[in-house]
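Peer 1: This is the structure, below, for whatever I ask next.
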Amino acid sequence: MLSLPKGVSRIDAQPDRWLTDPGDTALWLSRSAWSLALLARAMMVERGRTIRVAVPEYICNQSLWPLRQTGAELDFYALDPQRLTPLWPDDRQGAPPDLVLLVHYFGWANAGDEALAYCRRHDALLVEDCAHVLRPTPEIGRLGDVVLYSQHKVLACPDGALCLLRRQATALGPAMRADLNAMASDHPPVTAWAWRRMVQKTPIAGLRARLRPPGQSDFTADPSTTPMPCQPRASAAALSLIDAADLELVARRRRVNAAALLEVVGTVPGLRPLFDGILAEAPYRLPLLCANQQQAERLFQACRAERLPAESWPDLPPEITSGTATMLRSRVLLLPCHQDLQPAQLQQAFTRVLRRLSV
0 MLSLPKGVSR IDAQPDRWLT DPGDTALWLS RSAWSLALLA RAMMVERGRT
50 IRVAVPEYIC NQSLWPLRQT GAELDFYALD PQRLTPLWPD DRQGAPPDLV
100 LLVHYFGWAN AGDEALAYCR RHDALLVEDC AHVLRPTPEI GRLGDVVLYS
150 QHKVLACPDG ALCLLRRQAT ALGPAMRADL NAMASDHPPV TAWAWRRMVQ
200 KTPIAGLRAR LRPPGQSDFT ADPSTTPMPC QPRASAAALS LIDAADLELV
250 ARRRRVNAAA LLEVVGTVPG LRPLFDGILA EAPYRLPLLC ANQQQAERLF
300 QACRAERLPA ESWPDLPPEI TSGTATMLRS RVLLLPCHQD LQPAQLQQAF
350 TRVLRRLSV
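Using numbering that gives the first Met the number 0, you'd call the opening residue of the sequence shown number 0 and step up by one each time.
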């Protein structure tokens, strides 16, 4: 059984810290991927037909698996290679979308005003994908008709994702809730997650990392897309941990860690932050754009050798074979900045990486 931290009881998480309007309807699920699927199914009932969903080309294919099972038609839109903002198709081209997904990549704000204007021209609902975002900011989580948060990605909890419905999307809430309740489903198991957390706090974790560094072993390798077990509900343990999380502390530590890494990254020729300028309020990862795939692979392997868990991202949809998404997949390296790490340790680890490469 999962042992909760001292003082944390098994209660449902309150969504208040993610609400930006008192009229928002909140649904807790295990993963945001299930939120998208329930939303699409409710819209198809409402509109009496198959719906079209506009999705960015730079996205994880695994996260689209539940949505694909609904029969919704997916249209992938292009992104600006410099800013990752949407390049909306001409209004006269193709069938208009019913749902538009706007992703705030790695915690940085995307172009919400333009996305909302595009949706209003097509009578489409805007879905803000905040899976990499800790909480609302002045530029994130305030414009979407639907806002999706994935607390399990940024907080220490086994599962948990919040779906917020507002404006005309609130009418879909009863159908989504009924659909969820009708599913012969449960929440994801928490025992394995609890054991991993327990091991991470013991000397065994260090030994395991030395013997076998965590994460993928090859920069270019992507996991296969697999069917997801029907486990859309959030676990009681996850909701309790979410409710107890100190969001201010998490945001501060993530920013400090990302800033510490940036001080070292700035010394590497050809390597720069994917997003120039101000740091995100609480970065999910620190995304770096390498000069080419060769540099990305060399840095990835050096990080792995120094037990620094670098990552590539994402497993692209099979429909995407060229364009901005494939360029980013081959050149973007993600470094960790989560709240359990220490800035000095991150700097020391990346400095060792650079020494290994003699950069």
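For each residue, glycine too, the CB sits at the ideal point set by N, CA and C.
#1: Quick check on DSSP: helix, strand or coil for Tyr104?
#2: With DSSP as the reference, label Arg24 as helix, strand or coil.
#3: At what residue ranges does the stretch 268-324 contain a whole run of the alpha helix (DSSP H), taking only runs of 4 or more?
#4: Tell me the rounded alpha-carbon separation between Leu63 and Gly172.
#5: On the DSSP bridge list, what partners appear for Arg51?
#6: Could you tell me whether the stretch 72-80 touches the stretch 31-42, using the rule of 3 or more Cβ pairs below 8 Å?
#7: Whose C-alpha, out of Pro80, Glu45, Pro282, Asp20, is nearest the C-alpha of Thr325?
#8: Straight-line CA distance for His103 to Val132?
#9: Leu353 to Ala94, Cα distance in whole Å?
#10: Since Asp242 and Ala12 are thought to touch, with beta carbons under 8 Å apart, how far apart are those beta carbons, to the nearest angstrom?
#11: Counting along the chain, where does the beta strand (DSSP E) carrying Ala160 start and finish?
#12: Let's test the definition: count the other Cβ atoms within 10 Å of the Cβ of Asp144 and tell me whether it reaches 16, buried, or not, exposed.
#13: Hey, would you say Thr19 sits closer than 8 Å to Pro135, going by beta carbons?
#14: Could you give the residue range of the beta strand (DSSP E) that holds Val132?
#15: Buried or exposed for Thr24, going by 16 or more other Cβ atoms inside 10 Å?
#16: Is it the case that the Cβ atoms of Leu163 and Val146 are separated by a distance below 8 Å?
#17: Evaluate Glu56 with the Cβ neighbour count: other Cβ atoms within 10 Å of its Cβ, from every protein chain shown; 16 or more gives buried, anything less gives exposed.
#18: Based on Cα-Cα distance, which residue from Ala36, Ile58, Gly22 lies nearest to Thr49?
#19: Might you give, ordered along the chain, the residues of its own chain that have their beta carbon closer than 6 Å to the beta carbon of Ala304, omitting 5 neighbours on each side?
#20: Which residues share a DSSP beta bridge with Thr136?
#21: Could you please give the first and the last residue of the uninterrupted alpha helix (DSSP H) stretch that includes Leu353?
#22: Residues in its own chain within less than 7 Å of Ala77 by CB, not counting five upstream and five downstream?
#23: Assign Gly6 to buried or exposed, taking buried as 16 or more other Cβ atoms, counted over all protein chains shown, within 10 Å of its Cβ.
#24: Quick check on the burial criterion: 16 or more other C-beta atoms within 10 angstroms. Buried or exposed for Cys289?
#25: Going by DSSP in three states, Pro226 sits in which element: helix, strand or coil?
#26: If you drop the 5 nearest sequence neighbours on each side, which residues of the same chain put their C-beta closer than 6 Å to that of Arg207?
#27: One question on the structure: do Leu287 and Val263 come within less than 8 Å of each other, judged by their Cβ atoms?
#28: Would Ser31 and Ala155 qualify as a contact pair, given that the criterion is a beta-carbon distance under 8 Å?
#29: Give me the Cα-Cα distance between Ser29 and Cys59, rounded to the nearest whole angstrom.
#30: Give the secondary structure of Pro360 by DSSP, where H, G and I count as helix, E and B as strand, and everything else as coil.
#31: What is the DSSP secondary structure of Val189, reduced to helix, strand or coil?
Peer 2: Checking against the coordinates, here is how it stands:
#1: Walking along the sequence shown from the start, residue 104 turns up at place 105. Note: Tyr104 maps to helix in three-state DSSP.
#2: Here residue 24 refers to the residue found at position 25 of the sequence shown. Arg is not the amino acid found at residue 24; the sequence shown has Thr there. Correct three-state label for Thr24: strand.
#3: 292-304
#4: Position 64 of the sequence shown, counted from the first residue, corresponds to residue 63. Position 173 of the sequence shown, counted from the first residue, corresponds to residue 172. Those two C-alpha atoms are separated by around 21 Å.
#5: Mapped onto the sequence shown, residue 51 falls at position 52. In the DSSP output, where bridge partners are listed per residue, Arg51 has Glu72.
#6: no
#7: Taking the first residue of the sequence shown as 1, we reach residue 325 at position 326. For Thr325, the nearest C-alpha among the options comes from Pro80.
#8: Here the question's residue 103 lines up with position 104 in the sequence shown. Here the question's residue 132 lines up with position 133 in the sequence shown. Across the structure, His103 and Val132 are spaced so that their CA atoms are roughly 7 Å apart.
#9: By 1-based counting over the sequence shown, the position of residue 353 is 354. By 1-based counting over the sequence shown, the position of residue 94 is 95. Going by the C-alpha atoms only, they are around 50 Å apart.
#10: Here the question's residue 242 lines up with position 243 in the sequence shown. Here the question's residue 12 lines up with position 13 in the sequence shown. That pair is a contact at about 4 Å.
#11: Position 161 of the sequence shown, counted from the first residue, corresponds to residue 160. Unbroken beta strand (DSSP E) run through Ala160: 160-164.
#12: Here the question's residue 144 lines up with position 145 in the sequence shown. Flag for Asp144 reads buried.
#13: Your numbering for residue 19 matches position 20 in the sequence shown. Your numbering for residue 135 matches position 136 in the sequence shown. Cβ distance < 8 Å, so Thr19 and Pro135 count as in contact.
#14: Within the sequence shown, residue 132 is the residue found at index 133, counting from 1. No beta strand (DSSP E) contains Val132, which DSSP labels as neither H nor E.
#15: As a first step, residue 24 is located in the sequence shown; it is residue number 25 there, counting from the start. Its Cβ being crowded by 16 or more others within 10 Å, Thr24 is buried.
#16: Stepping through the sequence shown from its first residue, residue 163 is reached at position 164. Stepping through the sequence shown from its first residue, residue 146 is reached at position 147. A contact, by the Cβ cut-off of 8 Å.
#17: Walking along the sequence shown from the start, residue 56 turns up at place 57. Buried, because 16 or more other Cβ atoms sit within 10 Å of the Cβ of Glu56.
#18: As a working note, residue 49 is residue 50 in the sequence shown. Residue Ala36 is the option with its Cα nearest to Thr49.
#19: Position 305 of the sequence shown holds residue 304. Excluding positions up to five away in sequence, the list is empty.
#20: What you label residue 136 is simply residue 137 of the sequence shown in a count that begins at 1. BP columns for Thr136 point to Ile139.
#21: Indexing the sequence shown from 1 puts residue 353 at position 354. Its alpha helix (DSSP H) spans residues 342-356.
#22: The residue labelled residue 77 in the question sits at position 78 within the sequence shown. Here the set comprises Glu56, Leu86, Gly322, Thr323.
#23: Numbered from its first residue, the sequence shown carries residue 6 at position 7. Its pLDDT being 42, under 50, Gly6 is placed unreliably by the model, and the measurement read from it follows with that caveat. Taking a 10 Å sphere around the C-beta of Gly6, we find fewer than 16 other C-beta atoms and assign the residue as exposed.
#24: Along the sequence shown, one-based indexing puts residue 289 at 290. Burial call: buried.
#25: Residue 226 sits at position 227 when you count from the first residue of the sequence shown. Secondary structure at Pro226: coil, using DSSP grouped into helix, strand and coil.
#26: Here residue 207 corresponds to residue number 208 of the sequence shown, with the count starting at 1. Any answer about Arg207 is weak, because its pLDDT of 44 lies below 50 and its placement is not dependable; what the coordinates show is given next. Answer for Arg207: no residue qualifies.
#27: Position 288 of the sequence shown holds residue 287. Position 264 of the sequence shown holds residue 263. For Leu287 and Val263, no; Cβs fall outside 8 Å.
#28: Position 32 of the sequence shown holds residue 31. Position 156 of the sequence shown holds residue 155. Going by C-beta atoms, Ser31 is not nearer than 8 Å to Ala155.
#29: Start at 1 with the first residue of the sequence shown, and residue 29 comes out as number 30. Start at 1 with the first residue of the sequence shown, and residue 59 comes out as number 60. For Ser29 and Cys59, the distance between alpha carbons rounds to 17 Å.
#30: Since the first residue of the chain shown is 0 and the last is 358, residue 360 is not available in this structure.
#31: Position 190 of the sequence shown holds residue 189. Looking at Val189 - three-state DSSP - the assignment turns out to be coil, as it is neither helix nor strand.
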